[in-house]
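Participant: According to UniProt numbering, the sequence shown is numbered sequentially starting from 1. Cβ atoms here follow ideal geometry from the backbone N, Cα and C, with glycine treated the same way. My questions all concern the structure below.
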Amino acid sequence: MHLTEDLLSSVDQPLAVRRCRQTGRDYLLCDYNRDGDSYRSPWSNEFDPPLQDAPASGDDDQSNAAGLPSEKVRRMEVKANEAFDLYRELYYEGGVSSVYFWNLDDGFAGVVLLKKVATPGSGSEGTWDSIHVFEAIDRARLTQYNLTSTVILSLATDSSTLGEMDLSGNMTRQIEIELPAESEAQQIANIGKLVEDMELKMRNLLQEVYFGKAKDVVGNLRSLGSLSESARDQEAQRDIMASMRR
1 MHLTEDLLSS
11 VDQPLAVRRC
21 RQTGRDYLLC
31 DYNRDGDSYR
41 SPWSNEFDPP
51 LQDAPASGDD
61 DQSNAAGLPS
71 EKVRRMEVKA
81 NEAFDLYREL
91 YYEGGVSSVY
101 FWNLDDGFAG
111 VVLLKKVATP
121 GSGSEGTWDS
131 IHVFEAIDRA
141 RLTQYNLTST
151 VILSLATDSS
161 TLGEMDLSGN
171 MTRQIEIELP
181 AESEAQQIAN
191 IGKLVEDMEL
201 KMRNLLQEVY
211 FGKAKDVVGN
221 LRSLGSLSES
231 ARDQEAQRDI
241 MASMRR
């Protein structure tokens, strides 16, 4: 999928935030809402800075050429932004979300962006950026969804008690699935469910990889108990395992 290659080449940097001049609402910037040095707001459907020779409203041919979705796809984009704005508030309790759709010859594609920055204490900061790029391809009775999701996680702290720590990285996962989609509302529901399930899965994986591995490394560097206590515990575990095999 060519969208996957585009995504993997542009996910090494956290998402930037801009304020929509028409609505006063924040939105996220990415290559998928960009035209030159201008970025399209999902709330107003306007580029900032404005594009020269902007297409007339309702002109699908000119809109597609200028990076704007057709009227039908824009209608779904508006509904998706409303849905993911609620999703963001429920799951992230803050942050910024943006959804962008565009036309394909045999369906449509889009990207769902979510960003949350947390500063729980002095000298501590965490940033979560998730980027979900999908294609929705029309089939005879079903829609094929190709989803590529990337999460960029950054954790940093600098305090007198814990010292300085910076833990950053990203994770990418993909899924392909066919689902019934007989209406625009069902399309939005399918995309929302796929993104929700993928985010939950990736969050659990990140928790295991980041924090579980960090705990193992620290444990190998410095144990809580003495070496003699650790040796006794390991010997007891071996005795138990040996007795279970008899």
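First and last residue of the beta strand (DSSP E) that includes residue 107?
Facilitator: 107-118
Participant: Among residues of its own chain, excluding the 5 on either side of residue 125, which ones have a beta-carbon nearer than 6 Å to its beta-carbon?
Facilitator: Hits under 6 Å: 119 and 156.
Participant: In three-state terms, what does DSSP make of residue 52?
Facilitator: coil
Participant: From the DSSP output, in three-state form, read off residue 125 for me.
Facilitator: strand
Participant: Note down, in chain order, each residue of its chain lying with its Cβ closer than 8 Å to the Cβ of residue 101, except the 5 sequence neighbours on either side.
Facilitator: 69, 73, 74, 76, 77, 80, 108, 109 and 110
Participant: In terms of residues, what are the limits of the alpha helix (DSSP H) holding residue 92?
Facilitator: 71-92
Participant: Which residue or residues does DSSP assign as beta-bridge partners of residue 177?
Facilitator: 145
Participant: Thinking C-alpha only, which one of 141, 167, 113 and 71 is nearest residue 16?
Facilitator: Ranking the options by Cα distance to residue 16, first place goes to 113.
Participant: Taking 6 Å as the limit between beta carbons, can you name the residues of its chain near residue 158, skipping five residues before and five after?
Facilitator: 123 and 164
Participant: Would a C-beta distance cut-off of 8 Å place residue 85 and residue 106 closer than the cut-off?
Facilitator: Their beta carbons are not under 8 Å apart, which means residue 85 does not touch residue 106 by this criterion.
Participant: So, for residue 168: in the same chain, excluding its five sequence neighbours on each side, which residues have a beta-carbon less than 6 Å away from its beta-carbon?
Facilitator: 154
Participant: Can you look up residue 199 in the DSSP assignment and give me helix, strand or coil?
Facilitator: helix
Participant: From residue 32 to residue 208, what does the alpha carbon distance come to, in whole angstroms?
Facilitator: 31 Å
Participant: Where residue 44 and residue 37 are concerned, what is the direct C-alpha to C-alpha distance, given to the nearest angstrom?
Facilitator: 18 Å
Participant: Inspect the beta-carbon positions of residue 28 and residue 96 and report whether they are closer than 8 Å.
Facilitator: yes
Participant: Apart from the five residues just before and just after residue 136, which ones in its own chain have a Cβ nearer than 6 Å to its Cβ?
Facilitator: 107, 108, 143 and 145
Participant: Taking only the alpha-carbon atoms, compute the straight-line gap between residue 133 and residue 238 and give it to the nearest angstrom.
Facilitator: 49 Å
Participant: Got a sec? Which residues, its chain only, sit under 8 Å from residue 179 by beta carbon, not counting five neighbours each side?
Facilitator: Taking C-beta separations shorter than 8 Å and ignoring five residues to either side along the sequence, the partners of residue 179 in its chain run 142, 143, 145 and 190, following chain order.
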